[in-house]
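Oh and the sequence shown: position 145 is 145 in this note's numbering, straight run, nothing missing. Notes for the one structure printed next.
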Amino acid sequence: MSLASPALPRRRTVSDVMTIHVHVASPRAPFKVLVRLIEDNKVSAIPIVDQQGIPVGIVSEADLLLKERRQELESSEDLLHLRKRRHERVKAEGTVASDVMTSPVITVPAGTPLSEAARIMQTKNVRRLVVVDQRGHVAGIVSRSNLLQVFLRTDEELQNEIRDTLIPALMLSSSAKVRVEVRSNVVTLSGEVDRKSDVEILIRMARESDGVVDVVNRLTFRWDDTIPPTAMFDRSFRSV
1 MSLASPALPR
11 RRTVSDVMTI
21 HVHVASPRAP
31 FKVLVRLIED
41 NKVSAIPIVD
51 QQGIPVGIVS
61 EADLLLKERR
71 QELESSEDLL
81 HLRKRRHERV
91 KAEGTVASDV
101 MTSPVITVPA
111 GTPLSEAARI
121 MQTKNVRRLV
131 VVDQRGHVAG
141 IVSRSNLLQV
151 FLRTDEELQN
161 EIRDTLIPAL
171 MLSSSAKVRV
181 EVRSNVVTLS
191 GEVDRKSDVE
201 ILIRMARESD
211 GVVDVVNRLT
221 FRWDDTIPPT
231 AMFDRSFRSV
């Protein structure tokens, strides 16, 4: 009976770092109620949900602050950003959530990896994502600062994970002697492994570990398995 191979470390998802106590409002919520929700709960945005609890938009502090710029927006003749200005004017005149919210809202499932959430925030140029459950209801909110929490993992925690879980799961040769040191979340790998491909895989996987800032490669290898056999034969022939 064969033993199962060790599993790779679990990748963290938005469910691990998101804010789960989320205050929501309906599309008909008055402007003042939205301001009160943000102020009283010390948050920067309020998801707007329909009668079924499905998110249809989000109201941020930036959306509400347009109200203070009504006069400026009404007098502006910025032809270069005409569509944007028109949209901002509509929000500035809004009195309820449906007038001022940003819609459609960008949502992600609770199981979304942190790296994917970060990519979406960057490409969509948003500060937060609404997290939804399997029914499409609001399960939480994940912000940029939430995603950065993973880099607060301790050096000891990262060292143990890479040494005791990651390296055994990659099924490196039992003759491999890899040392792991971590300082300020920068991982240094040293020692000797069998193949050059082992080095490449180990460095890549360590760098992708949640909370790792960088990886310093001080590994050596016994043979280069990335060279095609024909190239090795030609090199040996020329050296004779």
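A virtual CB, placed ideally from N, CA and C, is assigned to each residue, including glycine.
Can you tell me whether residue i is helix, strand or coil according to DSSP?
| i | result |
| --- | --- |
| residue 65 | helix |
| residue 116 | helix |
| residue 199 | helix |
| residue 165 | helix |
| residue 16 | helix |
| residue 100 | helix |
| residue 42 | coil |
| residue 210 | coil |
| residue 22 | coil |
| residue 154 | coil |
| residue 139 | strand |
| residue 217 | strand |
Within 10 Å of its beta-carbon, does residue i have 16 or more other beta-carbons around it, so buried, or fewer, so exposed?
| i | result |
| --- | --- |
| residue 133 | exposed |
| residue 53 | exposed |
| residue 103 | exposed |
| residue 20 | exposed |
| residue 128 | buried |
| residue 91 | buried |
| residue 57 | buried |
| residue 148 | exposed |
| residue 211 | buried |
| residue 152 | exposed |
| residue 94 | buried |
| residue 209 | buried |
| residue 146 | buried |
| residue 45 | buried |
Does the distance from the C-beta atom of residue i to that of residue j stay below 8 Å?
| i | j | result |
| --- | --- | --- |
| residue 117 | residue 105 | no |
| residue 142 | residue 184 | no |
| residue 228 | residue 6 | no |
| residue 199 | residue 191 | no |
| residue 47 | residue 130 | yes |
| residue 49 | residue 140 | no |
| residue 12 | residue 138 | no |
| residue 166 | residue 205 | yes |
| residue 123 | residue 14 | no |
For residue i, which residues from the same chain have a beta carbon less than 8 Å from its beta carbon, with the 5 sequence-adjacent residues on both sides left out?
| i | result |
| --- | --- |
| residue 64 | 31, 34, 35, 38 and 100 |
Between which residues of its own chain and residue i is the CB-CB distance below 7 Å, once the five residues before and five after are set aside?
| i | result |
| --- | --- |
| residue 188 | 181, 216 and 218 |
| residue 224 | 196 |
Residues in its own chain within less than 6 Å of residue i by CB, not counting five upstream and five downstream?
| i | result |
| --- | --- |
| residue 161 | 9 |
| residue 28 | 96 |
| residue 176 | 193 |
| residue 51 | none |
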